[in-house]
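Residue numbers (my numbering): 923 to 1241. Structure, as C-alpha cells:
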Ligand SMILES: [Fe+2]
Ligand SMILES: [Fe+2]
C-alpha cells in the first residue's frame, strides 16, 4: 500500500548524488544571498554588513569543500558536508530573519533590500535545509506530493523574480517592465492552480499543512489525514506540469536576454550582473527539478482498490 511519507533511507549512491546536487547548487546561491543583503543594506549598518560578509566567506569555503568532496565522494564525507551545510544554512536563515524583522518593523528604513526579497531568499534557504534534512534522515515523499510541493515552491520563486526584475528595472524600460509584470501574473496564476491540485490530489498534505506536526511521527500523517484518499495523479496534472515548464522556459529565456543586456550595459536597471545570473540559474534549476519529478509520476487515475469501493458507498444516488 502506498504511504504518504515514510522513513526509507535512499540507496548510498543516490544519497551521495542527490546530496551533492543540492549542495553544489544551493551553497553558491546562499553565498550570493549574503552578498546581495550586504550590498542592499544602508552603509551605516556596519555590524550587519560585517555579519553578511562573514556568512559569504563561510559559504564560499563550504562550497570549495563540497567541490573537493564531489571529486571523490564517500557516504561519510557527504553526510558530514550535509551536517555542516544544515548548520550554516540555519545561521543564514537566522540572519535573514533578523534583517527582515528590522526592515518590516521600520527600524531599517533605507538601503534597497525589498522585504519580499529577504523573505524570498529565506524561503530558498529553508527549502535547501529541508532538502538536506530529508536526505540525512532518509525521509522520502510520495511522487505526487513531492511534485506539487516543488511546483508550489518554484512557481512562487519565479513569480517573485518577475516582480523583482520589474521593480529593479529603470522605469524608462517600459517594454521589459511590462514583460516582467506579465510573467508575474502568469506565475501567480500557475501557483494558485497548483494549490488546487494540492487539495484535490494530496488532501492528506493539505490537512497536514493546517495542523501542528511537531511530534515528528515515524509515519506521517499519523492521526492526521486519516480517512482522506491516498495521493494520486491525473492527466490534467501532467498537462499543467507541461504548461508550467513551458512558462518557466520562457522566463528563463527572458532572463538570459536580460543578463546579456546587463553584462553589455545595454539596459538601464539596478540589477547587478551577479543577480541576473543568479535568477537565471534558479530558473534552470526549477526546470531541472520539476522535469526530474514529473518523470516519477504514477499513471493518471491509478486508484488504490479501496478508494473505488469507498467512492461507490458514498454515492448519494445509489443510497
Ligand atoms: Fe536566490
Ligand atoms: Fe530566487
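By construction, the Cβ of each residue, glycine as well, lies at the ideal position given by its N, Cα and C atoms. Since the structure is predicted, the reported quantities are computational estimates derived from the model, not experimental observations.
With a beta-carbon spacing of about 5 Å, residue 1091 and residue 1191 fall inside the 8 Å limit used to define contacts. Non-local C-beta neighbours of residue 1155 in its own chain, meaning closer than 6 Å and more than five positions away in sequence, comprise 1066, 1219, 1220, 1222, ordered along the chain. Considered as a whole, the stretch 1151-1228 harbours 1157-1185, 1195-1216 as its complete alpha helix (DSSP H) runs of no fewer than 4 residues, in chain order. Relative to ligand 1, residue 951 has its C-beta within less than 7 Å of a heavy atom. Ranked by Cα distance from residue 1005, the options 1036, 1051, 996 are led by 1051. Between residue 956 and residue 978, the C-beta spacing is below 8 Å. Contact between the stretch 1070-1080 and the stretch 1205-1216 is established, with three or more Cβ pairs separated by less than 8 Å. Taking the Cα of residue 939 as reference, the smallest distance to any Cα among 993, 985, 1161, 1163 is reached at 993. Classified as buried, residue 1174 has 16 or more neighbouring CB atoms from the shown chains inside 10 Å of its CB. Not one heavy atom of ligand 1 falls within 7 Å of the beta-carbon of residue 1206. Below 8 Å, enough C-beta pairs join the stretch 972-992 and the stretch 944-963 to call them touching: three or more. Cα atoms of residue 1027 and residue 1215: separation of roughly 39 Å, rounded to the nearest angstrom. Around the C-beta of residue 1018, 16 or more other C-beta atoms lie within 10 Å, and the residue is accordingly described as buried.
For residue 1101, the enclosing alpha helix (DSSP H) begins and ends at 1096-1123. Set against 7 Å, the gap from the CB of residue 1046 to the closest heavy atom of ligand 1 is smaller. Taking 8 Å as the cut-off, the beta carbon of residue 1088 is found closer than this to the beta carbon of residue 1103.
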